[in-house]
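Comments concern the structure below.
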Amino acid sequence: MKADRGRKYRAYPTPEQEEVLTGWGHDARALWNLALEHRMMVGRKHDGTWVWSTEQSLLLTQVRNDADDTVNWLSDLPAKAGQQVLRRLDQAFLNMANPDHPAGHPEFKRRSSAMSIPFPGQALHVRKLNRHWAEVRVPKLGWLRFRLSRALGGAVRNCTVVRDGQGWHVCFGIHTGVVDAAPNGKSGCGVDFGVAVSAYVSTEDEPRLMRPTLTPGEQQRLRGLEQRKARQIKHAKRHNGGRYSKRLRKTLAQIADLKARQARRRLDFTHKLTTDLAKNHGFVGIEDLRVTSMTATAKGTVVEPGARVQQKAALNRAILDNIPGERRRQLEYKTRQYGSELRPVPPHGTSQTCPSCGERDPRNRVGCGREFACVHCGFTGHADKSASIEIEARARRMGGTVTKSTRRPRKESSRHRTTVAGARVNQPSAA
Ligand SMILES: [Zn+2]
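Those letters in the sequence shown? Residues 3 to 433, by the working numbering.
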């Protein structure tokens, strides 16, 4: 019984619980760093094997039993959570070794990185209090209340207590046992994702626009906070030996709160968009883009510095504001859930190809505006709409035979990999 869905709920710890959780968050991070350092130091052993969590778990138990004052923080963190941290480190190394996975070498965690305390499913018990509230029993902490904003929908396989700028959350890995839906028999579409226009669906006449993730007032407040942060850091360096003051920490927390709010709005828009696309279309054609190379920095090298670095950085921010990688991840599992199909098509020249006569010509795009005017047949229209029609046509030509990426080995989380690659290949096209 493996977890196949994730659920995230806002948690409401009591002040005492919050204090304990904060301590554990730091402990879990320190343990991760310690274990990672240990593995890197030992490297490959004499018999050719590496250090894994089984070995480190035994060491962890030993250290906890020794009750030495210097490492007594290790006995604060519940044993189950400690073991889970080590197991996640195993997964991080496995991901690095997997050629289909984008992950690089596991990294050390900073004090400022998001707090996360993992627990295995056996250690937990979840009970519902009423329609809107439930609680989970966490080892050595007791019952932790959370807002039950949607049903769990299956058996809890694991749980991670995390903290972001807006507070504490519990994330569950759930085994729902839901199988992929049969083809929904609807017509397909192509979607052109962009920066100015978040998404243009080929079957629609209006673009889908994401509202700015911050209101003008919030943007102004963020700017003010960033300035205050810079000032306070400068002061800390000059007069305080670089030590962060309480006021600076408060500023940082306020910035984190705004950024977390922004992230949630982004995610909300993306979830609504991808659900709608998957639910109402037989297939969804998208451009098979490489996000990492698209958003590479223009910095260049010391010898040959790049040009227009700031402008490129701003463009990268705008591209990443639409969370392209997350969007694709959502489309991948949602299309399977709703009996649709995700078809990534080669992206070359989609914006230069005429949807009417099919001629590809760079001259079709006059200037740099959103206008499309075919120099061969005289067709005119919105550039993104034309691109989305071309993407749909390419996806349709592709048929139900190719669901794998055409440009590179599949880069997605290891959990979905096996099911996506084989499952939908033989299903009839719903075109
Ligand atoms: Zn034309």
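Glycine residues also receive a C-beta, built at the ideal position from the N, C-alpha and C atoms.
To test your reading of the DSSP string, which unbroken beta strand (DSSP E) runs of 3 or more residues are found completely within the region 248–301?
286–289, all fully within the region 248–301.
Roughly how many angstroms lie between the CA atoms of Lys10 and Ser115, to the nearest whole one?
Translated into the one-based positions of the sequence shown, residue 10 becomes position 8. Translated into the one-based positions of the sequence shown, residue 115 becomes position 113. Lys10 and Ser115: Cα-Cα distance of roughly 19 angstroms.
Nearest-angstrom Cα distance between Phe148 and Val305?
Residue numbering aside, residue 148 sits at position 146 when the sequence shown is read from its first letter. Residue numbering aside, residue 305 sits at position 303 when the sequence shown is read from its first letter. Between Phe148 and Val305, the C-alpha separation is close to 54 angstroms.
Please specify which runs of the alpha helix (DSSP H), each continuous and at least 4 residues long, are wholly inside the region 311–347, giving them in chain order.
With a minimum length of 4 residues, the continuous alpha helix (DSSP H) runs that stay inside the region 311–347 are 311–323, 326–339.
On the DSSP letters alone, give me the boundaries of the alpha helix (DSSP H) that Trp34 sits inside.
Your numbering for residue 34 matches position 32 in the sequence shown. That run of the alpha helix (DSSP H) goes 17–44.
Roughly how many whole angstroms lie between the Cα atoms of Arg263 and Thr277?
One-based indexing of the sequence shown puts residue 263 at position 261. One-based indexing of the sequence shown puts residue 277 at position 275. In a straight line, the C-alpha of Arg263 is about 21 angstroms away from that of Thr277.
Going by Cα to Cα distance, which pick from Leu79, Asp182, Ala30 is closest to Phe110?
As a position in the sequence shown, residue 110 is number 108, starting the count at 1. Closest option to Phe110, Cα to Cα, is Ala30.
Tell me the residue span of the alpha helix (DSSP H) that contains Ala375.
Here the question's residue 375 lines up with position 373 in the sequence shown. Counting along the chain, Ala375 falls outside any alpha helix (DSSP H), though it belongs to the beta strand (DSSP E) covering 373–375.
Below 6 angstroms CB to CB, which residues in the same chain sit around Glu414 once its five sequence neighbours on both sides are set aside?
Taking the first residue of the sequence shown as position 1, residue 414 is located at position 412. Low confidence applies here, because Glu414 scores a pLDDT of 45, under 50, leaving its location unreliable; read the following figure in that light. Here the set comprises nothing.
Hey, out of Thr56, Gly287, Pro346, whose CA is closest to Gln93's CA?
To locate residue 93, count along the sequence shown from 1; it is residue 91. For Gln93, the nearest C-alpha among the options comes from Thr56.
Relative to the C-alpha of Val140, which residue among Ala157, Thr162, Lys130, His134 is closest?
Sequence index remark: in the sequence shown, residue 140 carries index 138 (1-based). The candidate whose alpha carbon is nearest that of Val140 is Thr162.
Just the Cα atoms here: how many angstroms apart are Arg225 and His28?
In the sequence shown, residue 225 corresponds to position 223, counting from 1. In the sequence shown, residue 28 corresponds to position 26, counting from 1. Taking the straight line joining both Cα atoms gives about 30 angstroms.
For Arg410, count the other beta carbons within 10 Å of its own beta carbon; 16 or more makes it buried, fewer makes it exposed. Which is it?
For the purposes of this step, residue 410 is taken as the residue at position 408 of the sequence shown. At Arg410, the pLDDT of 44 sits below 50, so the modelled position is not reliable and the matter cannot be decided from this model.
Confirm, please, whether the CB-CB distance from Gly192 to Gly287 is below 8 angstroms.
Start at 1 with the first residue of the sequence shown, and residue 287 comes out as number 285. Start at 1 with the first residue of the sequence shown, and residue 192 comes out as number 190. The answer is yes: Cβ separation under 8 angstroms.
List in chain order the residues whose CB is within less than 6 angstroms of at least one heavy atom of ligand 1.
Listed by chain position, these are Cys356, Ser358, Cys359, Glu361, Cys376, His378, Cys379, Phe381.
Determine the DSSP secondary structure at Leu207, reduced to helix, strand or coil.
Walking along the sequence shown from the start, residue 207 turns up at place 205. Here residue 207 is Asp; the residue named in the question, Leu, does not match the sequence. DSSP places Asp207 in coil when its eight states are reduced to three.
On the premise that Val138 lies in contact with Val172, defined as a C-beta separation below 8 angstroms, what is that separation, rounded to the nearest angstrom?
As a first step, residue 172 must be located in the sequence shown, where it is residue number 170. As a first step, residue 138 must be located in the sequence shown, where it is residue number 136. That belief holds up - the Cβ atoms of Val172 and Val138 are roughly 6 angstroms apart, short of 8 angstroms.
Pick helix, strand or coil for His378, following the three-state DSSP scheme.
On the sequence shown, residue 378 is found 376 positions in, with the first residue counted as 1. It is coil, neither helix nor strand.
Residue range of the alpha helix (DSSP H) that Thr63 falls in?
Counting from one through the sequence shown, the residue named residue 63 turns up at place 61. Segment 55–68, the alpha helix (DSSP H) holding Thr63.
Quick one: what does DSSP say Met3 is sitting in, helix, strand or coil?
Here residue 3 refers to the residue found at position 1 when the sequence shown is read from its first residue. Coil.
Kindly list the residues whose CB is nearer than 6 angstroms to the CB of Phe174, restricted to its own chain and excluding five residues on each side of it in sequence; keep chain order.
Here residue 174 refers to the residue found at position 172 of the sequence shown. If we look at Phe174 and ignore the five residues flanking it on each side, its Cβ neighbours are Arg9, Val158, Cys161.
Of the residues Asp194, Arg223, Ile119, which one's Cα is nearest the Cα of Gln354?
To locate residue 354, count along the sequence shown from 1; it is residue 352. Ranking the options by Cα distance to Gln354, first place goes to Asp194.
Using a threshold of 8 angstroms, state whether the C-beta atoms of Thr294 and Glu328 are closer than that.
Here the question's residue 294 lines up with position 292 in the sequence shown. Here the question's residue 328 lines up with position 326 in the sequence shown. No, Cβ-Cβ distance for Thr294 and Glu328 is not below 8 angstroms.
Between the C-alpha atoms of Thr299 and Lys314, what's the straight-line distance to the nearest angstrom?
The residue given as residue 299 occupies position 297 in the sequence shown. The residue given as residue 314 occupies position 312 in the sequence shown. If you take the alpha carbons of Thr299 and Lys314, they lie about 7 angstroms apart.
With a threshold of 16 other CB atoms inside 10 Å of the CB of Thr352, please say whether the residue is buried or exposed.
On the sequence shown, position 350 is the one that residue 352 refers to. The residue is buried, with at least 16 neighbouring Cβ atoms inside 10 Å.
Once you ignore the five residues that flank His378 on each side, which residues in its own chain have a CB closer than 6 angstroms to its CB?
Taking the sequence shown and counting its residues from 1, one reaches residue 378 at position 376. Answer for His378: Cys359, Glu361, listed in chain order.
From the DSSP output, in three-state form, read off Arg213 for me.
Locating residue 213 in the sequence shown gives position 211, where the first residue counts as 1. Reduced to three states, the DSSP call for Arg213 is coil.
Flag this pair as yes or no: are the beta carbons of Leu91 and Pro108 separated by less than 8 angstroms?
Numbered from its first residue, the sequence shown carries residue 91 at position 89. Numbered from its first residue, the sequence shown carries residue 108 at position 106. Contact flag set, yes.
Note down the Cα distance separating Asn100 from Arg233, rounded to an integer number of angstroms.
Translated into the one-based positions of the sequence shown, residue 100 becomes position 98. Translated into the one-based positions of the sequence shown, residue 233 becomes position 231. Looking at the two C-alpha atoms, the distance is approximately 44 angstroms.
Looking at the C-beta of Arg89, does it have a partner C-beta in chain B at a distance below 8 angstroms?
Of the protein chains in the structure, only one exists, and it is not chain B.
Does the Cβ-Cβ distance between Arg268 and Asp323 come in under 8 angstroms?
As a first step, residue 268 must be located in the sequence shown, where it is residue number 266. As a first step, residue 323 must be located in the sequence shown, where it is residue number 321. Yes, the pair counts as a contact, with Cβ atoms nearer than the cut-off.
Under three-state DSSP, which class holds Trp52?
If you number the sequence shown from 1, residue 52 lands on position 50. Coil.
Alpha carbon to alpha carbon, how far is Gln19 from Asp259?
Against the sequence shown, residue 19 aligns to sequence position 17. Against the sequence shown, residue 259 aligns to sequence position 257. Looking at the two C-alpha atoms, the distance is approximately 21 angstroms.
Can you list, in chain order, the stretches of the beta strand (DSSP E) that have 3 or more residues and sit fully within the region 66–151?
For the region 66–151, whole beta strand (DSSP E) runs of length 3 or above, ordered along the chain, are 117–122, 127–130, 135–140, 144–149.
Over the uninterrupted alpha helix (DSSP H) stretch that includes Arg225, give me the two end residues.
What you label residue 225 is simply residue 223 of the sequence shown in a count that begins at 1. Counting along the chain, the alpha helix (DSSP H) containing Arg225 begins and ends at 218–241.
Using the beta-carbon count (16 or more within 10 Å), is Thr303 buried or exposed?
In the sequence shown, residue 303 corresponds to position 301, counting from 1. Answer is exposed; the Cβ neighbour count stays below 16.
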